[in-house]
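Taking it in order: structure first as structure tokens, then the write-up.
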Amino acid sequence: MTVGRFSLVLHSHMPYVLSHGKSPHGTDWIFESAAECYLPILNVLDRLEKENVYPKWTINITPILAEQLEDEDFKSGFEEYCLEQIDIAKSDQKNFRKDSALWMEGISSLWQRYYKRSLTEFHEKWNRSICGGFKYFQQKGLIEIITSAATHGYLPLLSTEESVHAQVRIGKEVYKKHFGTDPRGFWLPECAYRPAYLWNAPIEDGVQPYQRWGIDHFLASENIEYFFVDSHMIKGGAPLGTYGALFPGLQKLFKQGREKFTPPPELRSEYEHFVLPSGVSCFARDSHSTVRVWSSEAGYPGTPEYLEFHKKLFPGRLRYWRVSEEKGDLGLKKPYDPWNAFQKIYEQACDFVDALKLNLSEYKHQSGEVGTLVSMYDTELFGHWWWEGPEFLYEVARKMHSDASIECKTCSENIDQHPTTREISLPEGSWGEGGYHYIWLNEDNVWTWKELYPLQVKFKNIVYQLRDKNVDTTLERILNQCGRELLLAESSDWQFLISTKSARDYAEVRFSDHVIRLKKLLDMITEFLDNQDVSVENLDYLSECEKKDSPFQELSYKMWSEFDNLQSGECTKSS
């Protein structure tokens with residue numbers, strides 16, 4: 002007897018780090034994720050297909066990640082990276098041999114085989130296209146791929162409707178480019194949502210309050226069918242708490258959003274999906290399964306036998322130690338034993354499935370309904386942060402396949418097979434600390450918004466000014482590159498990294514680089530409109546920007562002048 006349905010949702014994202022070889026620190030991030038997460042998950046899906054197991058995972062690949070994975074600079078750089086890692090492992094092996102550290106010498110040989118396999122699969126199995134690999138498994142019915150905002154912009158805090166629309170529209174168009182069809186689902190960056198209301202900017206920007214669309218209205222305008230929020234938003238929202246006192250601008254936004262939200266009279270469950278008045282459905286994250294997998298302390302990744310993430314052998318930075326019983330002291334870490342580690346995976350996969358069954362059974366007993374449990378994670382957890390994670394997913398998929406009490410469904414299948422008529426309104430919020438916007442707008446990163454807001458308004462005004470005019474080819478190039486730089490500056494990653502201080506200097510430099518280029522390009526537009534020409538020096542600068550920041554080659558600046566046409570129509574999901 003079925004006790005419920007299960008949907009695993011993986012969110013795959015990387016900010017724009019390529020810059021065509023100009024940012025070696027950032028490029029390591031995407032090479033590591035490709036080798037340790039994306040290729041291993043493709044390997045897992047390949048094995049599951051051979052066993053006729055259809056896990057029905059829902060996988061988001063953000064547009065900016067897809068653009069980078071299909072960039073030739075990434076592909077050639079990744080090949081070089083794998084060869085470098087093989088050489089590092091060989092060097093480590095020689096040094097261990099000199100020190101008679103035979104066990105560590107053996108682990109270095111595992112690293113050599115691992116990166117050789119990564120290189121072989123990248124070339125021969127997936128023809129150098131990671132997106133192509135995921136597309137294959139979507140076509141075979143093992144997974145569903147969804148999209149997100151173009152550069153993972155934090156949509157509720159963008160200051161113009163045109164910027165939100167461009168993030169969503171480009172997210173849809175890039176998905177079609179790489180996966181050959183329209184997306185049905187959308188990952189809201191940071192699960193951040195804002196309903197429709199009279200919006201005041203959370204910082205002083207000189208713009209009068211104005212009526213804004215809810216984020217779901219933008220999705221509906223692109224025929225997106227569903228998105229995700231955190232469970233506290235389904236249940237009525239969590240209070241802002243101390244964050245309002247720390248940053249009054251957030252308190253003002255929170256108050257405005259809550260004034261338009263009526264708390265539900267009935268109990269809402271995260272094991273249901275709901276429909277908004279716009280016609281778009283929403284799913285909520287299950288917190289119980291999140292802690293089991295995500296937490297390094299209480300969750301599976303903290304198992305003493307698993308590979309330790311933080312201790313690395315320099316200068317090559319390969320990992321040779323396990324989490325160990327002394328988790329807090331890197332000096333006490335013991336050598337990694339892959340055999341002992343992988344013996345733990347099946348046991349934990351069974352524990353995970355049993356926990357899902359228990360939660361769904363309790364919900365069914367209490368409500369009389371068959372619910373859907375949605376587990377949501379960053380893809381990069383599986384393999385990068387938690388080395389054994391992809392194999393855990395493999396065992397979970399096999400365990401569920403052999404257990405008829407849980408049905409695995411993609412989110413689109415849930416909507417198609419179990420349509421809901423329960424209408425909902427949502428409060429403003431996110432899945433970030435405190436349930437609101439504080440991580441992305443606080444005393445450390447408020448300066449980024451003070452830079453962004455006038456640039457978003459200025460670019461919007463320019464494109465509307467030029468909307469009905471014939472635009473010279475050179476001016477069109479400048480306008481399109483302005484759009485790219487604005488999108489890249491809008492990435493929520495910069496504010497996140499500044500807040501968490503995990504790579505603050507890097508984030509500040511990257512954000513400022515995009516803003517500096519955008520400002521100069523906007524000045525070039527003024528120069529062109531005044532003189533009908535630009536200097537040779539500025540043309541060289543434009544070419545440099547186009548080379549350095551080159552995603553979204555099909556982008557048109559006209560996307561920023563389409564919103565008023567959308568606004569004049571009825572914004573509900575097309576049938």
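Numbering-wise, the sequence shown is residues 2 to 576 according to this note's numbering. Glycine is no exception: its CB is placed at the ideal position from the N, C-alpha and C atoms. Bear in mind the structure is a predicted one, so any value in this text is a computation, not a measurement.
### Nearest-angstrom beta carbon gap, leucine 374 and glycine 5 [assumed within contact, 8 Å]
The residue you call residue 5 lines up with position 4 of the sequence shown. The residue you call residue 374 lines up with position 373 of the sequence shown. Between leucine 374 and glycine 5 the Cβ distance is about 6 Å, and since that is below 8 Å, they are a contact.
### Message
Quick check: what's the CA-CA separation for serine 149 versus isoleucine 499?
### Response
Stepping through the sequence shown from its first residue, residue 149 is reached at position 148. Stepping through the sequence shown from its first residue, residue 499 is reached at position 498. One C-alpha to the other measures close to 22 Å.
### Query
Can you give the Cα-Cα distance for alanine 151 and valine 169, rounded to whole angstroms?
Within the sequence shown, the letter at position 150 stands for residue 151. Within the sequence shown, the letter at position 168 stands for residue 169. The alpha-carbon atoms of alanine 151 and valine 169 are separated by roughly 7 Å.
### Query
Where in the segment 28-73 do unbroken runs of the alpha helix (DSSP H), each at least 4 residues long, occur, reported from the N-terminal end onward?
40-51, 64-70
### Query
If you draw a straight line from the C-alpha of methionine 2 to the C-alpha of serine 282, how long is it?
For the purposes of this step, residue 2 is taken as the residue at position 1 of the sequence shown. For the purposes of this step, residue 282 is taken as the residue at position 281 of the sequence shown. Methionine 2 and serine 282: Cα-Cα distance of roughly 27 Å.
### Query
Since serine 130 is in the beta strand (DSSP E), which residue starts that stretch and which ends it?
Residue 130 sits at position 129 when you count from the first residue of the sequence shown. From DSSP, serine 130 is part of no beta strand (DSSP E); its letter is neither H nor E.
### Query
Hey, would you say glutamate 271 sits closer than 8 Å to alanine 285, going by beta carbons?
Position 270 of the sequence shown holds residue 271. Position 284 of the sequence shown holds residue 285. The answer is yes: Cβ separation under 8 Å.
### Task
Go ahead and label aspartate 565 buried or exposed: buried means 16 or more other beta carbons lie within 10 angstroms of its beta carbon, across all protein chains shown.
Working through the sequence shown from its first residue, we reach residue 565 at position 564. With fewer than 16 other Cβ atoms within 10 Å, it is exposed.
### Query
Given glutamate 408, which residues of its chain have a CB within under 8 Å of its CB, disregarding the five upstream and five downstream residues?
Reading the sequence shown from its first residue, position 407 is the one you call residue 408. These residues qualify, in order along the chain: Thr3, Gly5, Arg6, Phe7.
### Task
State buried or exposed for aspartate 217, treating a residue as buried only when at least 16 other CB atoms are found within 10 Å of its CB.
Here the question's residue 217 lines up with position 216 in the sequence shown. Its Cβ being crowded by 16 or more others within 10 Å, aspartate 217 is buried.
### Task
Measure the CB-CB distance between proline 190 and serine 493 and report whether it falls below 8 Å.
The count along the sequence shown starts at 1 and reaches residue 190 at position 189. The count along the sequence shown starts at 1 and reaches residue 493 at position 492. The Cβ atoms of proline 190 and serine 493 lie closer than 8 Å to each other.
### valine 510, buried or exposed, once every other Cβ within 10 Å from all chains shown has been counted against 16
Here the question's residue 510 lines up with position 509 in the sequence shown. The residue is exposed, with fewer than 16 neighbouring Cβ atoms inside 10 Å.
### Query
Does the distance from the CB of glutamate 545 to the CB of valine 535 come in under 8 Å?
Locating residue 545 in the sequence shown gives position 544, where the first residue counts as 1. Locating residue 535 in the sequence shown gives position 534, where the first residue counts as 1. Taking 8 Å as the Cβ cut-off, glutamate 545 and valine 535 do not qualify as a contacting pair.
### Task
Please list the segments of the beta strand (DSSP E) lying wholly inside the segment 106-160, counting only runs of 3 or more residues, in order along the chain.
Taken in chain order, the whole beta strand (DSSP E) runs of length 3 or more contained in the segment 106-160 are 144-149.
### Pairwise C-alpha distance: isoleucine 479 and leucine 522
Working through the sequence shown from its first residue, we reach residue 522 at position 521. Working through the sequence shown from its first residue, we reach residue 479 at position 478. Distance between the alpha carbons of leucine 522 and isoleucine 479: 6 Å.
### Query
Starting from tyrosine 176 and walking both ways along the alpha helix (DSSP H), at which residues does that stretch end?
Taking the first residue of the sequence shown as position 1, residue 176 is located at position 175. Taken as a continuous stretch (DSSP letters only), the alpha helix (DSSP H) holding tyrosine 176 covers 162-180.
### Task
Answer yes or no: do glycine 215 and alanine 197 have a C-beta to C-beta separation smaller than 8 Å?
Counting from 1 along the sequence shown, the entry for residue 215 is found at position 214. Counting from 1 along the sequence shown, the entry for residue 197 is found at position 196. Contact flag set, yes.
### Query
Do you know whose CA, among Tyr558, Lys451, Asp29, lies nearest aspartate 474's CA?
Mapped onto the sequence shown, residue 474 falls at position 473. The amino acid at residue 474 is misidentified as aspartate; the sequence shows threonine. Residue Tyr558 is the option with its Cα nearest to threonine 474.
### Query
Along the chain, where does the alpha helix (DSSP H) that runs through serine 562 open and close?
Residue 562 sits at position 561 when you count from the first residue of the sequence shown. That residue, serine 562, is in no alpha helix (DSSP H); it is neither H nor E in DSSP.
### Query
For proline 336, does the three-state DSSP call read helix, strand or coil?
Your numbering for residue 336 matches position 335 in the sequence shown. Three-state result, proline 336: strand.
### Task
Identify every run of the beta strand (DSSP E) within the segment 481-552, keeping only runs that are complete inside it and at least 3 residues long; order them along the chain.
Note on the segment 481-552: there is no whole beta strand (DSSP E) run with a minimum of 3 residues.
### Start-end ranges of the alpha helix (DSSP H) lying completely within the segment 396-428, minimum 4 residues
412-418
#### Entry: Residue span of the alpha helix (DSSP H) that contains aspartate 217, given as start and end
Stepping through the sequence shown from its first residue, residue 217 is reached at position 216. Unbroken alpha helix (DSSP H) run through aspartate 217: 216-222.
### Message
Check for me: the beta strand (DSSP E) holding tyrosine 458 runs from which residue to which?
### Response
Stepping through the sequence shown from its first residue, residue 458 is reached at position 457. The sequence given here has valine at residue 458, not tyrosine. From DSSP, valine 458 is part of no beta strand (DSSP E) but of the alpha helix (DSSP H) over 447-466.
### Task
Using beta-carbon positions only, say whether serine 77 and aspartate 550 come within less than 8 Å of one another.
In the sequence shown, the residue the question calls residue 77 occupies position 76. In the sequence shown, the residue the question calls residue 550 occupies position 549. For serine 77 and aspartate 550, no; Cβs fall outside 8 Å.
### Query
Among residues of its own chain, excluding the 5 on either side of glycine 27, which ones have a beta-carbon nearer than 6 Å to its beta-carbon?
In the sequence shown, the residue the question calls residue 27 occupies position 26. The residues are Val18.
### tryptophan 475 (DSSP reduced to helix, strand or coil)
Residue mapping note: residue 475 aligns to position 474 of the sequence shown, counting from 1. What sits at residue 475 in the sequence shown is threonine, not tryptophan. In this structure, threonine 475 counts as helix in the three-state DSSP scheme.
### Query
Starting from methionine 234 and walking both ways along the alpha helix (DSSP H), at which residues does that stretch end?
On the sequence shown, position 233 is the one that residue 234 refers to. Counting along the chain, methionine 234 sits inside the alpha helix (DSSP H) bounded by residues 232-235.
### Cβ shell of phenylalanine 383 (< 8 Å), same chain only, five flanking positions each side left out
As a position in the sequence shown, residue 383 is number 382, starting the count at 1. Correct list, in chain order: Leu11, Cys38, Pro41, Ile42, Gly390, Pro391, Phe393, Leu394.
### Task
Name the two residues that bound the continuous beta strand (DSSP E) containing serine 376.
Residue numbering aside, residue 376 sits at position 375 when the sequence shown is read from its first letter. Secondary structure note for serine 376: its beta strand (DSSP E) is the uninterrupted segment 372-379.
### Query
Considering only the beta carbon of each residue, do glutamate 424 and proline 316 sit closer than 8 Å?
Indexing the sequence shown from 1 puts residue 424 at position 423. Indexing the sequence shown from 1 puts residue 316 at position 315. Taking a C-beta distance under 8 Å as the contact criterion, glutamate 424 and proline 316 do not qualify as a contact pair.
### Message
I need the DSSP call for glutamine 209, collapsed to helix, strand or coil.
### Response
Counting from one through the sequence shown, the residue named residue 209 turns up at place 208. Looking at glutamine 209 - three-state DSSP - the assignment turns out to be coil, as it is neither helix nor strand.
### Message
With three or more beta-carbon pairs closer than 8 Å as the criterion, would you say the segment 105-125 touches the segment 336-346?
### Response
yes
### Query
Going by the beta-carbon positions, is the gap between leucine 519 and glutamate 547 smaller than 8 Å?
By 1-based counting over the sequence shown, the position of residue 519 is 518. By 1-based counting over the sequence shown, the position of residue 547 is 546. Not closer than 8 Å, so no.
### At least 3 beta-carbon pairs within less than 8 Å: the segment 320-327 vs the segment 361-377
Output reads no: the segment 361-377 does not touch the segment 320-327.
### Task
Alpha carbon to alpha carbon, how far is valine 45 from asparagine 532? Give it in angstroms, no decimals.
If you number the sequence shown from 1, residue 532 lands on position 531. If you number the sequence shown from 1, residue 45 lands on position 44. Rounded to whole angstroms, asparagine 532 to valine 45 spans 58 Å at the Cα level.
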